[in-house]
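Line order of the protein sequences matches chains F and P. Take any residue in the first sequence, count from 1 to its spot, add 1067: that is its number in my numbering. Take any residue in the second sequence, count from 1 to its spot, add 1067: that is its number in my numbering. Worksheet: one structure, shown below.
2 protein chains.
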Amino acid sequence: MILSKTCDHAIRATLYVALHQERNYVPIREISEHLGLSFHFLTKILQVLTQQKIMNSFKGPNGGVSLARPAQTISIKEIVVAIDGKGLFAGCMLGLDTCSDEHPCPLHQQWTVVRDQLEAVFAQTTLAYLADRIRNEGLRLANLDASSLVS
Amino acid sequence: MILSKTCDHAIRATLYVALHQERNYVPIREISEHLGLSFHFLTKILQVLTQQKIMNSFKGPNGGVSLARPAQTISIKEIVVAIDGKGLFAGCMLGLDTCSDEHPCPLHQQWTVVRDQLEAVFAQTTLAYLADRIRNEGLRLANLDASSLVS
DNA sequence: TATATTTAAGACATAAGACTCTTTATTCTT
DNA sequence: AAGAATAAAGAGTCTTATGTCTTAAATATA
Chain F
1068 MILSKTCDHA IRATLYVALH QERNYVPIRE ISEHLGLSFH FLTKILQVLT
1118 QQKIMNSFKG PNGGVSLARP AQTISIKEIV VAIDGKGLFA GCMLGLDTCS
1168 DEHPCPLHQQ WTVVRDQLEA VFAQTTLAYL ADRIRNEGLR LANLDASSLV
1218 S
Chain P
1068 MILSKTCDHA IRATLYVALH QERNYVPIRE ISEHLGLSFH FLTKILQVLT
1118 QQKIMNSFKG PNGGVSLARP AQTISIKEIV VAIDGKGLFA GCMLGLDTCS
1168 DEHPCPLHQQ WTVVRDQLEA VFAQTTLAYL ADRIRNEGLR LANLDASSLV
1218 S
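In structure tokens form, the structure reads like this:
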């Protein structure tokens, strides 16, 4: 797969939060149960997003996590970079450290075209857009063995 | 990165062989030295390509590996699928097993567009095309710490 | 103030990916 | 037939990703 599992979880969790923005904070326990993820593991993942200023967190009763900014301003690319790093949008497809525009590897040009498009799609796709689609079209955010449809 | 390191190695090795097609068999030792890879590790990788009928191998003196078919008929996609499996071109970007065209995840449509293009590029790009470009434009196949330019 | 609720932090465990090493099988050359 | 050259096979190691568990810190509520 193109994204790490950790990154998948991060995207789904932020989307869940985006769908519940009216509440002040959403507890991580609730997110993990709805998405079928380990609570502790998800906690670690969301810590990173909190450190990266993508989310806010609050301890104690009625605590949890929330988006640090309006969902319209948070792109999928931001989350991917926060979790998986810039490698997907930056590196050589063959892992050559000498590969660059000046000294391209054989696949450089082919990959660059696709990669730029991938980056553009990720940069343009915001949490708000995805949350809207989930609401309007009833799209799936969880596996069936978790609470199947987003409520 | 989008491809496993193993897959990177496989693509570079097959390209090296494609550049030396005039010889009957190319020893794996020679490939590993030119590309700066472990001989034993590369041997294991090329074993898979041999099992998948992408390469032929021959033991003993003057042995080595060669392409099983003309380089014009071997696409990068074939090699990627042989090593990394079909996951890159098939799975859900968020790793949801319930995601499908009928029950799409929120990112399904965005990803499908990019993925289809990626698959098309990989399917259209043959070893022959890449080998030609390497020859004509002096592109790089090895890291600098190995034998830097393809000879 | 005491207790319950929640995230933060860090140690630990398991699995998969990436490599290494040794032995075996095959083929050529002498 | 003997020895050298080569890939095949399989066991073993190291690293990274993934996941679990325990304890600490912060906050609200009674």
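Every residue gets a Cβ at the ideal spot worked out from N, C-alpha and C, and that includes glycine. Quick caveat, the model's predicted, so the values are computed rather than measured.
Going along chain F, which residues have a C-beta under 9 Å from residue i?
| i | result |
| --- | --- |
| His1087 (chain P) | Ordered by position in chain F, no residue passes the 9 Å Cβ test against His1087 (chain P), which lies about 15 Å from the chain. |
| Val1084 (chain P) | By Cβ distance, chain F contributes nothing, its closest Cβ being about 14 Å from Val1084 (chain P), past 9 Å. |
Cβ closer than 8 Å: which chain P residues qualify as neighbours of residue i?
| i | result |
| --- | --- |
| Met1068 (chain F) | Gly1154, Leu1155, Gly1158, Met1160 and Gly1162 |
| Leu1197 (chain F) | Pro1173 and Leu1174 |
Whose C-alpha, out of the options, is nearest the C-alpha of residue i?
| i | options | result |
| --- | --- | --- |
| Leu1194 (chain F) | F:Glu1169, F:Asp1183, F:Gly1162 and F:Val1147 | F:Val1147 |
| Tyr1196 (chain F) | F:His1076, F:Ala1085 and F:Arg1182 | F:Ala1085 |
| Phe1156 (chain F) | F:Arg1182, F:Ile1112, F:Leu1082 and F:Ser1071 | F:Arg1182 |
| Met1068 (chain P) | F:Glu1204, F:Gly1154, F:Thr1165 and F:Cys1172 | F:Gly1154 |
| Phe1106 (chain F) | F:Leu1134, F:Trp1178, F:Ala1077 and F:Lys1120 | F:Ala1077 |
| Glu1089 (chain P) | P:Leu1113, P:Lys1120, P:Glu1100 and P:Val1132 | P:Val1132 |
| Glu1204 (chain F) | P:Pro1173, P:Ile1201, P:Ala1198 and P:Asn1210 | P:Pro1173 |
| Pro1094 (chain F) | F:Leu1161, F:Leu1134 and F:Trp1178 | F:Leu1134 |
| Asn1091 (chain P) | P:Asp1075, P:Leu1104, P:Glu1100 and P:Arg1136 | P:Arg1136 |
| Thr1073 (chain F) | F:Ile1098, F:Arg1096, F:His1170 and F:Ile1112 | F:Ile1112 |
| Leu1161 (chain F) | P:Glu1097, P:Arg1096, P:Leu1102 and P:Ile1098 | P:Leu1102 |
| Arg1200 (chain F) | P:Asp1199, P:Leu1082 and P:Pro1171 | P:Pro1171 |
| Arg1207 (chain P) | F:Thr1081, F:Cys1166, F:Thr1179 and F:Gln1177 | F:Cys1166 |
| Ala1138 (chain F) | F:Glu1097, F:His1087 and F:Asp1164 | F:His1087 |
| Leu1104 (chain P) | P:Ile1121, P:Lys1120 and P:Tyr1083 | P:Tyr1083 |
| Leu1109 (chain F) | F:Ile1121, F:His1175, F:Arg1079 and F:Ala1198 | F:Arg1079 |
| Asn1210 (chain F) | F:Ser1099, F:Ala1149, F:Gly1130 and F:Asp1151 | F:Ser1099 |
| Ser1071 (chain F) | F:Glu1097, F:Lys1120 and F:Ile1150 | F:Ile1150 |
| Glu1097 (chain F) | F:Ile1121, F:Asp1075, F:Lys1120 and F:Asn1129 | F:Asn1129 |
Name, please, each residue of chain P whose Cβ falls closer than 7 Å to the Cβ of residue i.
| i | result |
| --- | --- |
| Lys1072 (chain F) | Gly1162 |
| Arg1207 (chain F) | Leu1163, Thr1165, Cys1166, His1170 and Cys1172 |
Name the DSSP bridge partner or partners of residue i?
| i | result |
| --- | --- |
| Gly1205 (chain P) | Gly1205 (chain P) is not bridged to any residue. |
| Val1132 (chain F) | F:Val1093 and F:Ser1124 |
| Ser1142 (chain P) | P:Thr1193 |
List the residues of chain F whose Cβ lies closer than 7 Å to the Cβ of residue i, in chain order.
| i | result |
| --- | --- |
| Thr1192 (chain P) | Gln1177 |
| Ile1201 (chain P) | Pro1173 |
Using a cut-off of 8 Å between C-beta atoms, extract the partners of residue i located in chain F.
| i | result |
| --- | --- |
| Asn1210 (chain P) | Leu1163, Asp1164 and Thr1165 |
| Leu1134 (chain P) | Those within 8 Å of Leu1134 (chain P) in chain F number zero; the least Cβ separation is about 16 Å. |
| Val1093 (chain P) | Result: empty, since nearest Cβ-Cβ is about 17 Å, beyond 8 Å. |
Applying a beta-carbon distance threshold of less than 9 Å, which residues of chain P neighbour residue i?
| i | result |
| --- | --- |
| Asp1078 (chain F) | One point to set straight first is that residue 1078 (chain F) is Ile, not Asp, in the sequence displayed. Met1160, Leu1161, Pro1173 and Leu1174, listed in chain order. |
| Asp1183 (chain F) | Residues of chain P passing the Cβ test: none, with the nearest at roughly 10 Å. |
| Arg1096 (chain F) | Correct list: empty, because the minimum Cβ distance to chain P is about 21 Å. |
Contact set between the region 1142–1173 of chain P and chain F, restricted to residues whose Cβ is under 9 Å from the partner = Contact annotation: in the region 1142–1173 of chain P, residues whose CB is within less than 9 Å of a CB in chain F are Ile1143, Gly1154, Leu1155, Gly1158, Cys1159, Met1160, Leu1161, Gly1162, Leu1163, Asp1164, Thr1165, Cys1166, His1170, Pro1171, Cys1172 and Pro1173.
Per the contact definition of three or more C-beta pairs closer than 8 Å, is the region 1136–1153 of chain F in contact with the region 1185–1192 of chain F?
-> Result yes; three or more Cβ-Cβ pairs closer than 8 Å.
Closer than 7 Å, Cβ to any Cβ of chain F: which residues of the region 1102–1122 of chain P, in chain order?
-> Contact annotation: in the region 1102–1122 of chain P, no residue has its CB less than 7 Å from a CB in chain F.
Answer yes if the region 1106–1126 of chain P comes into contact with the region 1170–1186 of chain P, meaning at least three C-beta pairs across the two stretches below 8 Å, and no otherwise.
-> Flag = no, the region 1170–1186 of chain P and the region 1106–1126 of chain P do not touch.
Is the region 1156–1166 of chain F touching the region 1107–1116 of chain F, taking contact as three or more C-beta pairs under 8 Å?
-> Output reads no: the region 1107–1116 of chain F does not touch the region 1156–1166 of chain F.
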